[in-house]
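*Asks:* Using our numbering, read the sequence shown as starting at 1 and increasing by one per residue. Think of the CB as a built atom: it goes at the ideal place given N, C-alpha and C, for glycine as much as any other residue. Since the structure is predicted, the reported quantities are computational estimates derived from the model, not experimental observations.
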Amino acid sequence: MTVKPTYEELERRVQELEKIESEHKYSKGALRESESLFKMLYEKAPLGYQSLDENGHFIVVNQPWLDTLGYTREEVIGKSFADFLHPDWRDHFKENFPRFKAIGEILGVEFEMVKKNETLILVSFTGKISRDKKGNFQQTHCIFHDITDRKRAETALRQSEEKFRTLVNTAPFGIQLTDLEGRIIYSNPAHHKMQGYGPHELIGMYIWDLVTNDSHRAKVREYYQTIISKKPEPTVYFNRDRTRDGRKIDIQINWDYCRNEKDEVTGIISIIEDITERKQAENVLREREELLSRSQKLGHIGSWKLDLIENCLTWSDEVYRIFGYEPQEFSANYEAFLNAVHPDDRSAVDEAYSSSLQEGSDGYEIEHRVIQKNSGEVRYVQERCIHERNKAGIIIQSIGMVQDITERKKAEEEKEKLHAQLTQAQKLESVGRLAGGVAHDFNNMLGVILGHLEFALEKTEDNNDLNDDLKEIQKAAQRSADLTKQLLTFARKQIISPRQLDLNDTVESMLNMLHRLIGENIDLVWKPSAHIWPVKMDPSQLDQILANLCVNARDAISGVGKLTIETGRKSFDEVYCRQHSGFIPGDFVLLAVSDNGCGMDKDTLDNLFEPFFTTKEVGKGTGLGLATVYGIIKQNNGFINVYSEPGQGSSFKIYLPRFFVDEDSDKAVSEKKAAAGGTETILLVEDEPSILRMTRMMLERKGYSVLSAASPVEAIEMARNHTDKIHLLMSDVVMPEMNGRDLAGQITALYPGIQLLFMSGYTANVIAHQGVLDSGVAFIQKPFSMADMTEMVRELLDMASDKNQEKSHG
Numbered sequence: 001m002t003v004k005p006t007y008e009e010l011e012r013r014v015q016e017l018e019k020i021e022s023e024h025k026y027s028k029g030a031l032r033e034s035e036s037l038f039k040m041l042y043e044k045a046p047l048g049y050q051s052l053d054e055n056g057h058f059i060v061v062n063q064p065w066l067d068t069l070g071y072t073r074e075e076v077i078g079k080s081f082a083d084f085l086h087p088d089w090r091d092h093f094k095e096n097f098p099r100f101k102a103i104g105e106i107l108g109v110e111f112e113m114v115k116k117n118e119t120l121i122l123v124s125f126t127g128k129i130s131r132d133k134k135g136n137f138q139q140t141h142c143i144f145h146d147i148t149d150r151k152r153a154e155t156a157l158r159q160s161e162e163k164f165r166t167l168v169n170t171a172p173f174g175i176q177l178t179d180l181e182g183r184i185i186y187s188n189p190a191h192h193k194m195q196g197y198g199p200h201e202l203i204g205m206y207i208w209d210l211v212t213n214d215s216h217r218a219k220v221r222e223y224y225q226t227i228i229s230k231k232p233e234p235t236v237y238f239n240r241d242r243t244r245d246g247r248k249i250d251i252q253i254n255w256d257y258c259r260n261e262k263d264e265v266t267g268i269i270s271i272i273e274d275i276t277e278r279k280q281a282e283n284v285l286r287e288r289e290e291l292l293s294r295s296q297k298l299g300h301i302g303s304w305k306l307d308l309i310e311n312c313l314t315w316s317d318e319v320y321r322i323f324g325y326e327p328q329e330f331s332a333n334y335e336a337f338l339n340a341v342h343p344d345d346r347s348a349v350d351e352a353y354s355s356s357l358q359e360g361s362d363g364y365e366i367e368h369r370v371i372q373k374n375s376g377e378v379r380y381v382q383e384r385c386i387h388e389r390n391k392a393g394i395i396i397q398s399i400g401m402v403q404d405i406t407e408r409k410k411a412e413e414e415k416e417k418l419h420a421q422l423t424q425a426q427k428l429e430s431v432g433r434l435a436g437g438v439a440h441d442f443n444n445m446l447g448v449i450l451g452h453l454e455f456a457l458e459k460t461e462d463n464n465d466l467n468d469d470l471k472e473i474q475k476a477a478q479r480s481a482d483l484t485k486q487l488l489t490f491a492r493k494q495i496i497s498p499r500q501l502d503l504n505d506t507v508e509s510m511l512n513m514l515h516r517l518i519g520e521n522i523d524l525v526w527k528p529s530a531h532i533w534p535v536k537m538d539p540s541q542l543d544q545i546l547a548n549l550c551v552n553a554r555d556a557i558s559g560v561g562k563l564t565i566e567t568g569r570k571s572f573d574e575v576y577c578r579q580h581s582g583f584i585p586g587d588f589v590l591l592a593v594s595d596n597g598c599g600m601d602k603d604t605l606d607n608l609f610e611p612f613f614t615t616k617e618v619g620k621g622t623g624l625g626l627a628t629v630y631g632i633i634k635q636n637n638g639f640i641n642v643y644s645e646p647g648q649g650s651s652f653k654i655y656l657p658r659f660f661v662d663e664d665s666d667k668a669v670s671e672k673k674a675a676a677g678g679t680e681t682i683l684l685v686e687d688e689p690s691i692l693r694m695t696r697m698m699l700e701r702k703g704y705s706v707l708s709a710a711s712p713v714e715a716i717e718m719a720r721n722h723t724d725k726i727h728l729l730m731s732d733v734v735m736p737e738m739n740g741r742d743l744a745g746q747i748t749a750l751y752p753g754i755q756l757l758f759m760s761g762y763t764a765n766v767i768a769h770q771g772v773l774d775s776g777v778a779f780i781q782k783p784f785s786m787a788d789m790t791e792m793v794r795e796l797l798d799m800a801s802d803k804n805q806e807k808s809h810g
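(1) For R131, name the three-state secondary structure that DSSP assigns.
(2) Mark A476 as exposed unless 16 or more other C-beta atoms lie within 10 angstroms of its C-beta, in which case mark it buried.
(3) What are the boundary residues of the beta strand (DSSP E) that A709 is part of?
(4) Between the beta-carbon of S760 and the beta-carbon of V733, is there less than 7 angstroms?
(5) Answer yes if the segment 64 to 77 comes into contact with the segment 86 to 106, meaning at least three C-beta pairs across the two stretches below 8 angstroms, and no otherwise.
(6) Starting from G740, trace the beta strand (DSSP E) both ways and give me its first and last residue.
(7) What is the DSSP secondary structure of R217, counted as helix, strand or coil?
(8) Can you tell me the Cα-Cα spacing of Q635 and P528, whole angstroms?
(9) Could you check what DSSP says for F779 in three-state terms: helix, strand or coil?
(10) In the DSSP assignment, what are the bridge partners of F111?
(11) Looking only at its own chain, which residues have a Cβ that is under 8 angstroms from the Cβ of T226, when we skip the five neighbours before and after it?
(12) Does G631 come out as helix, strand or coil in the three-state DSSP assignment?
(13) Please return the same chain residues whose Cβ sits closer than 6 angstroms to the Cβ of S270, not counting the five positions on each side in sequence.
(14) Alpha carbon to alpha carbon, what distance is there between S375 and N516?
(15) Check G568 in the structure and name its three-state DSSP category.
(16) State the DSSP-derived secondary structure class of V60, mapped to helix, strand or coil.
(17) Taking the C-alpha atoms as reference points, what is the distance between E812 and I584?
(18) Given a threshold of 16 other Cβ atoms within 10 Å of its Cβ, counted over all protein chains shown, does A668 qualify as buried or as exposed?
(19) Can you name, in chain order, every residue of its own chain whose Cβ lies under 7 angstroms from the Cβ of A675, other than the five neighbours on each side?
(20) Could you check how far apart the C-beta atoms of P534 and D502 are, in whole angstroms? I think they sit under 8 angstroms.
(21) Give the single residue among L728, P783, V685 and E700 whose Cα lies nearest to the Cα of M799.
(22) Anyone know if the C-beta pair for I716 and G447 falls short of 7 angstroms?
(23) For the candidate residues G104, A102, E105 and S80, whose alpha-carbon lies nearest to that of M113?
(24) Return the chain-ordered ranges of every alpha helix (DSSP H) run that is complete within the segment 175 to 207 and spans a minimum of 4 residues.
(25) For the alpha helix (DSSP H) containing P689, list its first residue and its last residue.
(26) Could you tell me the alpha carbon to alpha carbon distance between V109 and T126, rounded to whole angstroms?
(27) Going by DSSP in three states, G451 sits in which element: helix, strand or coil?
(28) Quick check: D209 and G267, are their CB atoms within less than 7 angstroms of each other?
(29) With a floor of 4 residues, list each alpha helix (DSSP H) that falls wholly inside the segment 530 to 596, ordered by position along the chain.
(30) Could you tell me whether the Cβ atoms of M401 and I301 are closer together than 7 angstroms?
(31) Please classify Q544: is it buried, with 16 or more other beta-carbons within 10 angstroms of its beta-carbon, or exposed?
(32) Considering N254, what are the terminal residues of the alpha helix (DSSP H) in which it resides?
(33) Just mark A709 as buried or exposed, buried being the case when its beta carbon has 16 or more other beta carbons within 10 Å.
(34) Over what stretch of residues does the beta strand (DSSP E) that includes F758 continue unbroken?
(35) Assign S509 to one of two classes, buried (16 or more other C-beta atoms within 10 Å of its C-beta) or exposed (fewer than that).
(36) Measuring straight from C-alpha to C-alpha, what distance separates T628 and Q500?
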């Protein structure tokens, strides 16, 4: 039975129906509003939206999707999603779409899609799978956004970070980050390797812990705290560290502040460079520059560079020294350089430089003079230059050198002077060789002439006219012999017998003779110096020197005049001699002969000692006087200087070496006059038959027994066959088979006590050295007179007799 509802129940049901209807209406409105909002988001959202069916074909795409890819809706709906993918991604989608459907969610899946204009973009998808009530797949709902730019940015950032990391890790210099307390929070490989630590050992250490010196460590700590607190401008800091393994390194630190987003300082970043090698290189470069500067100073070579674009001239220190300028005094341009050149050379230097530029040559070379600004001294320089070009071949600068060649120029002048002296010496030597060659034969002939004249004069009466003629012939022959002797003296081939002399005593003994020689019109003044040193020379040579100089002085004085002879002592050191050409270091005795005559000009002085040079008239002089003086002085190891000017007279200063007296020095030959003849046996050896015959006749006339031989071989044979004593060997010095000294050696072996007497026109240094007779050697110069020869023979025989007597009494 049906129960009829009450009014209240009906009213309640009506209210419920109204409520349901009201809620349905609200739901429909909310649904419409939600659909409207979704449509707005679907169409207006910046993100793309797409829906795919179970086969992966497009059901729905929104306008942002179409705008992103550049297609129309008709070109997309119903098409496979794979058709819009890059070919490399299509198989990937097809293989994985079933898995996407099963999972139900798509989270951040990326695909590379192809736009209509064939541009590639990278797209990220996020979505869900919608299913029906039974759980069957209905469709996908995905939103996507183009992440191409973001990916590129991420890639670029990643690559940048990788590059930065690579740069930091491979940098040849250290990179260090420190916090506000000075602790190391980062150190790249170069830095910890530089300091000798492992990859992570530096982290957490304070930077001053790397400094081994205590005082230096405190300074580093103070400096770090200062830059953190006061925040000065970043700067460069230099330091010397000792590494963990004890090596000393020089470092250069460039630092800057690390800041956060609020621009607050959070620490320090430092670029640390090991500059040890650079410092060493700088030291080497500095040393080389100093060496170059010293070398330029020692070599008097300076360098310069002229910039033709800026007209700027750069000089090295040595150029300033050569030109006598201080750097601040020089205008540093080409015109200033020209002003420093000697006015007479300025145009030549300018022409040389300008021509090299105009002709396009590689450079130029020139010698010229400069006037030093600080001293006004004129210096000679040699200048060389090369030009440098740019890529277009245009000369842009000149580089050159300047060498001070003043000393070289002086040396060249001195060389020329020495060359002239050498030429003079060669002339003297040539004449000397000629004189030596002629003297031997000429003296032999003169000896024969003079010897036979003596024989003839003995046979004639004093009042006989023939006697007078013979005496005139004798005088002429003797003058010829004197001339030959003078030639030998000049050639330094005359044999001398030097002995210790007091120059004052020797000169004083000659004064009377010199007075007669110069005449009464000339006043002879004698000025001896007290306490002069002794000299060692042949007295006859001093006679020749004074006679020749006094005769020349007499001829230079017209009318009344004055001639002064003086002596003195002089010493010269090496420094003085280097500065005065012709002087020799040592102690010397001075002999000076001065006159107030007409004097001499430069040409005469240059040829003064030239053999046969004379300013006298023909027949008034031989031209051998001063050449003889020169030869004597050189033979005695001295030197001579002449001072003269036209109208001012002349002064000849002769310097003879000081003789140091030795107890064993040569004693003078006994002055005892021997008897004129004797009865001893004499072995006479002479290769010239006429001389042999004449000398034998002289000796035999004085009572001597003579064994005569024409050659050394004959003399030796004769000595071996002789059964009695031979007292004296009288031998020529120069012979074809054997010289006189060698012959004397063999004869002495046969007759140990035999006396020796050598004779020659010249000796060729067989029994003498440099023309100075060996100690104890007896010698007679050809030609000789019978009286001179027999006196010397007697003297030698008597000396031997005295020695024998001393032995017998002893």
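*Replies:* So, from the listed chains and residues:
(1) In the structure shown, R131 adopts extended strand secondary structure according to DSSP, grouped into three states.
(2) Exposed is the label assigned to A476, since fewer than 16 other Cβ atoms lie within 10 Å of its Cβ.
(3) S705 to A709
(4) yes
(5) no
(6) Careful: G740 lies outside any beta strand (DSSP E), inside the alpha helix (DSSP H) at G740 to L750.
(7) In this structure, R217 counts as helix in the three-state DSSP scheme.
(8) 24 angstroms
(9) strand
(10) V123
(11) Within the same chain, Cβ atoms closer than 8 angstroms to the Cβ of T226 are found at P232, the five residues on either side in sequence being excluded.
(12) helix
(13) Leaving aside the five residues that flank S270 on each side, the residues in its chain whose CB is nearer than 6 angstroms to its CB run, in chain order, Q176, I253 and W255.
(14) Note that residue 516 is Arg in the sequence shown here, rather than Asn. A straight line joining the alpha-carbon of R516 with that of S375 spans about 56 angstroms.
(15) strand
(16) strand
(17) Residue 812 lies beyond the range of the chain shown here (1 to 810); nothing can be said about it.
(18) With a pLDDT of only 40 at A668, under 50, the local geometry of the prediction cannot be trusted, and the value read off the model is given with reservation. A668 should be labelled exposed.
(19) Because A675 carries a pLDDT of 45, less than 50, the predicted location of this residue cannot be relied on, and the following value inherits that uncertainty. Same-chain partners within the cutoff: R794.
(20) 6 angstroms
(21) L728
(22) no
(23) Minimum Cα distance to M113 is reached at S80.
(24) 189 to 195
(25) P689 to R701
(26) 7 angstroms
(27) helix
(28) The beta carbons of D209 and G267 sit no closer together than 7 angstroms.
(29) 539 to 556 and 574 to 579
(30) yes
(31) By the neighbour-count criterion, in which 16 or more other beta carbons inside 10 Å mark a residue as buried, Q544 falls on the buried side.
(32) No alpha helix (DSSP H) contains N254, which is instead part of the beta strand (DSSP E) from K248 to R259.
(33) buried
(34) Q755 to S760
(35) The C-beta of S509 has fewer than 16 other C-beta atoms within 10 Å across all chains shown, which makes the residue exposed.
(36) 21 angstroms
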